[in-house]
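Asker:
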Amino acid sequence: MDTYCLSGGLVLTPELDVISANVVVDRDSGTIESISPDASAPEMIDISGCLVTPGLVNGHCHGAMTLLRGYADDKPLDAWLREDIWPVEAELTPEDIRVGTELAAVEMIRSGVTAFADMYFAVDEVASVVDTAGLRARLGHGVVTVAKNEADAWDDLEESFDVAASLSGRADGRIQTAVMPHSLTTVGEAYLQAVADWLSEADAEIGLHLHANETTDEVAPIVTERNMRPIEYASELGLLGENTFLAHGVHLDATEIELLAETDTRVVHCPASNMKLASGIAPIQELIDAGITVGLGTDGAASNNDLDVFDEMRDAAMIGKLATGNAEAVAAASAVQMATSWGAEAIGLPGGQLREGGVADLAVIDFDAPHLTPAHDYVSHLAYAARGSDVRHTICDGQFLMQDGALQTLAEASILDEAADAAVSLVDRATN
Ligand SMILES: N[C@@H](CCSC[C@H]1O[C@@H](n2cnc3c(=O)[nH]cnc32)[C@H](O)[C@@H]1O)C(=O)O
Ligand SMILES: [Zn+2]
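Per numbering that gives the first Met the number 0, numbering through the sequence shown is continuous, rising by one, with the last residue being 431.
Structure follows, in structure tokens:
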């Protein structure tokens with residue numbers, strides 16, 4: 000057996016306790032063999048001064064949008080998409096999407112992310128990057144049918160089905176998929192009905208992911224035209240359930256929250272994106288109190304503008320308090336669970352907690368730093384003080400993706416150069 004031992008550090012348990020223990024990882028099975036103070040292996044890796052946590056989960060992302068980081072800021076969602084983002088995305092090549100996703104993978108691995116959900120296109124390229132990078136992911140082709148003729152719209156939908164079926168289980172099972180209609184207003188009813196019908200016949204591990212209730216502009220048309228709330232509309236179409244995870248869930252009323260809870264539909268909270276686009280503040284504490292599984296997501300780097308899940312933990316805990324006027328809302332523990340165990344559950348991937356026999360998806364965080372001293376409470380530091388740059392090792396499926404701050408599976412320097420060049424020529428093509 001090819002095992003190694005992370006020794007001399009602290010470990011965050013599934014119950015969010017912090018214990019002194021060694022962690023033995025089995026490289027061959029990609030699982031945690033043991034967690035105990037006297038655990039050992041032929042290869043001992045000293046991590047004294049560090050805390051081992053589950054690898055962070057970025058529950059909603061458009062990875063290749065790293066190429067558009069800072070391209071268009073200070074605009075609300077609809078204008079931002081229609082005036083800036085969609086016109087430049089029309090010029091994206093599969094090669095652009097590969098290098099943009101590689102840049103996203105570098106940034107996420109550097110900051111302790113081991114699993115993410117990604118809605119984009121040229122998903123074969125995205126999957127190839129995930130495979131090479133060694134990450135875990137739930138991937139899908141984003142479908143938009145509005146402003147397309149019927150033939151193109153059905154083609155776009157068919158591609159989402161084909162991608163979901165063909166990529167499911169790739170990269171030794173590290174890749175799972177979902178059908179990804181962009182939202183309830185950018186995809187017509189007939190197409191949404193076709194999604195529900197297709198999924199009813201598909202393998203159970205294929206999920207469903209869409210943006211929902213992100214802005215009032217997205218909610219109002221459904222209420223006006225259908226005389227029902229968006230989540231009620233989704234329910235009537237048969238789109239809710241435990242394999243469905245929604246991005247945002249900002250403008251939800253009590254009826255919709257009840258529907259989500261009844262159907263075990265998951266929600267991925269994207270606080271930075273919601274703040275930056277002035278979309279609103281999701282009622283996260285209400286969702287948690289209703290028993291809904293809530294994950295955390297960065298959304299794309301063009302509406303954040305980084306992919307650091309530590310930032311999202313802090314944002315979630317802060318705006319949750321401000322939105323309710325209650326300093327007890329969205330406590331540190333909830334923020335950490337959204338970024339780990341709840342996040343993995345929300346997007347239907349293994350991981351999110353450190354257990355013997357569980358997947359060895361973990362981050363090793365160096366707490367020997369002024370901004371993490373003193374350490375009265377490690378969970379508090381994870382939510383309110385730690386940063387992506389504090390991560391020393393990132394391990395997924397038992398493999399080091401980053402060791403001592405050095406990327407192991409991706410050529411970071413050349414990816415940064417390639418991405419910078421690709422971004423310049425992309426904008427050049429889009430604006431000339
Ligand atoms: N095939 C679709 C693309 C869908 S991919 C996912 C889309 O979501 C867009 N996107 C990024 N962030 C957000 C968000 O916060 N809300 C809604 N859409 C977003 C992103 O720019 C991308 O166009 C098409 O023909 O346009
Ligand atoms: Zn999004």
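By construction, the Cβ of each residue, glycine as well, lies at the ideal position given by its N, Cα and C atoms.
Rounded to the nearest angstrom, how far is the Cβ of aspartate 298 from that of cysteine 269, given a contact under 8 Å?
Answerer: 4 Å
Asker: Are the CB atoms of arginine 137 and alanine 177 nearer to each other than 8 Å?
Answerer: Yes, Cβ-Cβ distance for arginine 137 and alanine 177 is below 8 Å.
Asker: Answer with buried or exposed for alanine 18, where buried requires no fewer than 16 other C-beta atoms within 10 angstroms of its C-beta.
Answerer: The residue you asked about is not alanine; residue 18 is isoleucine in the sequence shown. Classification for isoleucine 18: exposed.
Asker: May I ask you to report which of helix, strand or coil DSSP gives leucine 415?
Answerer: helix
Asker: Return the CA-CA distance between valine 122 and histidine 375, expressed in angstroms with no decimal places.
Answerer: Near 44 Å, if we compare the C-alpha coordinates of histidine 375 and valine 122.
Asker: What do you reckon, is the C-beta of glutamate 88 under 7 Å from a heavy atom of ligand 4?
Answerer: Of the ligands this structure carries, namely ligand 1 and ligand 2, none is ligand 4.
Asker: From glutamate 88 to leucine 183, what distance separates their C-alpha atoms?
Answerer: 21 Å
Asker: Are there 16 or more other CB atoms within 10 angstroms of the CB of methionine 312, so buried, or fewer, so exposed?
Answerer: buried
Asker: First and last residue of the alpha helix (DSSP H) that includes tyrosine 377?
Answerer: Here the alpha helix (DSSP H) through tyrosine 377 covers 377-383.
Asker: What residues in its chain sit with their C-beta under 8 Å from that of tyrosine 232, if we drop five residues either side in the sequence?
Answerer: Leu183, Ile221, Arg225
Asker: With a cut-off of 8 Å, do at least 3 Cβ pairs link the segment 57-74 to the segment 397-415?
Answerer: no
Asker: Quick check: is any heavy atom of ligand 1 less than 7 Å from the C-beta of serine 165?
Answerer: no
Asker: When you measure from the CB of glycine 248 to every non-hydrogen atom of ligand 2, does any distance come out below 7 Å?
Answerer: no
Asker: Enumerate, from N- to C-terminal direction, the unbroken beta strand (DSSP E) stretches of 3 or more residues contained entirely within the segment 190-254.
Answerer: Qualifying beta strand (DSSP E) stretches, in chain order: 206-211, 243-247.
Asker: In three-state DSSP terms, what is valine 10?
Answerer: strand
Asker: Does the beta-carbon of tyrosine 119, which I'm using as the reference point, lie nearer than 7 Å to any heavy atom of ligand 1?
Answerer: yes
Asker: Could you tell me whether the Cβ atoms of aspartate 396 and alanine 368 are closer together than 8 Å?
Answerer: no
Asker: Going along the chain, which residues of its own chain have a beta-carbon closer than 6 Å to the beta-carbon of aspartate 216, five neighbours each way excluded?
Answerer: Asp77
Asker: Please classify leucine 58: does DSSP put it in a helix, a strand, or coil?
Answerer: As written in the sequence, residue 58 is glycine, which differs from the leucine given in the question. Here glycine 58 sits in strand by DSSP.
Asker: What three-state label does DSSP hand leucine 406 in the structure shown?
Answerer: strand
Asker: Locate the beta strand (DSSP E) running through isoleucine 364, then write down its first and last residues.
Answerer: 361-365
Asker: Are three or more beta carbon pairs between the segment 6-26 and the segment 55-63 nearer than 8 Å?
Answerer: no
Asker: In this structure, how does DSSP classify leucine 400 when only helix, strand and coil are distinguished?
Answerer: If DSSP states are grouped into helix, strand and coil, leucine 400 belongs with the strands.
Asker: Mind checking histidine 370: buried by the 16 CB within 10 Å criterion, or exposed?
Answerer: exposed
Asker: Quick check: the segment 354-363 against the segment 20-32, are at least 3 beta-carbon pairs closer than 8 Å?
Answerer: Counting Cβ pairs under 8 Å, three or more are found: they touch.
Asker: When you compare only the Cα positions, how much space is there between methionine 274 and serine 302?
Answerer: 9 Å
Asker: Here's the rule: buried if 16 or more other CB atoms are within 10 angstroms of the residue's CB, otherwise exposed. What is aspartate 117?
Answerer: buried
Asker: For arginine 228 versus threonine 254, is the C-beta spacing smaller than 8 Å?
Answerer: yes
Asker: Could you check the C-alpha separation between alanine 193 and arginine 386 for me, to the nearest Å?
Answerer: 42 Å
Asker: Do glycine 319 and valine 329 have their C-beta atoms closer together than 8 Å?
Answerer: It is a contact, given that the beta carbons lie within the stated cut-off.
Asker: Can you tell me the Cα-Cα spacing of alanine 104 and valine 129, whole angstroms?
Answerer: 8 Å
Asker: I'd like to confirm something about glutamate 213: is its beta-carbon nearer than 7 Å to some heavy atom of ligand 1, or not?
Answerer: Glutamate 213: yes, Cβ under 7 Å from ligand 1.
Asker: Buried or exposed: which applies to asparagine 325, given that a residue is buried once 16 or more other Cβ atoms fall within 10 Å of its Cβ?
Answerer: exposed
Asker: Of the choices Arg169, Asp161, Val218, Ala152, whose alpha-carbon is the least far from that of glycine 187?
Answerer: Of Arg169, Asp161, Val218, Ala152, the residue nearest in Cα terms is Ala152.
Asker: Provide the residue(s) that pair with valine 390 in DSSP beta bridges, ordered along the chain.
Answerer: Ile364
Asker: Run through the DSSP bridge pairs and tell me what glycine 294 is partnered with.
Answerer: Val267
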